[in-house]
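First comes the structure, then the notes that go with it.
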Amino acid sequence: DRRLIQRVFDLVMASPQEHFNVLQLANGAGVSVRQLQQRFTSSIGVSPSQWQRLRRLNFARRDLLHMLPAETTVAEIAMRWSFWHLGRFSQAYYQLFGELPSRTLLH
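Going by UniProt numbering, the sequence shown opens with residue 1, and the numbers climb by one from there.
If you want it as structure tokens, here you go:
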């Protein structure tokens, strides 16, 4: 399972801003979608989709922390990481980090 997870990590990290669907991840890892979901969940405790969402939220947070409000907006960063619905992005961000992305940007 470690090699499978590593193949998925390598695929995703080769194009960090790309949003892969589960079928693309499974094909990249050389397994079926069902196998990918089962092995991923048993190995790291979340589904491939959940893992990707968490990864993208963490990258968005990194960008928010390292940029100034005059340089960017929350919407620009959200879209950079494939979050197209800003309300859902803010809600997911708040649930994970305990603050709104606009607050993080003001750091």
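Glycine included, each C-beta is placed from N, C-alpha and C at the ideal position.
Every value quoted in this text rests on a predicted model; they were computed, and no experiment measured them.
Cut-off 8 Å between Cβ atoms - residues of its own chain near residue i, not counting five sequence neighbours on either side
i: residue 8; result: 25, 28, 29, 36, 40, 48
i: residue 46; result: 40, 54
i: residue 12; result: 18, 20, 25, 52, 55
Between the CA atoms of residue j and residue i - distance to the nearest angstrom
i: residue 131; j: residue 17; result: In the structure displayed, the chain extends from 1 to 107; residue 131 sits before or after that span and is not available.
i: residue 82; j: residue 89; result: 10 Å
i: residue 51; j: residue 70; result: 31 Å
i: residue 92; j: residue 54; result: 9 Å
i: residue 74; j: residue 100; result: 10 Å
i: residue 107; j: residue 65; result: 7 Å
i: residue 2; j: residue 44; result: 10 Å
i: residue 95; j: residue 59; result: 15 Å
i: residue 103; j: residue 10; result: 32 Å
Residue i (DSSP reduced to helix, strand or coil)
i: residue 63; result: helix
i: residue 72; result: coil
i: residue 47; result: coil
i: residue 9; result: helix
i: residue 16; result: coil
i: residue 31; result: coil
i: residue 21; result: coil
Pair within 8 Å by beta-carbon distance, residue i and residue j
i: residue 78; j: residue 86; result: yes
i: residue 61; j: residue 97; result: yes
Close beta carbons around residue i, own chain, < 7 Å, minus the five adjacent residues each side
i: residue 23; result: 33
i: residue 4; result: 29, 31, 39
Start-to-end residues for the alpha helix (DSSP H) that takes in residue i
i: residue 100; result: Residue 100 -> no alpha helix (DSSP H), and no H or E assigned at all.
Cutoff 6 Å; reference residue i; Cβ partners in own chain excluding five residues on either side
i: residue 63; result: 77
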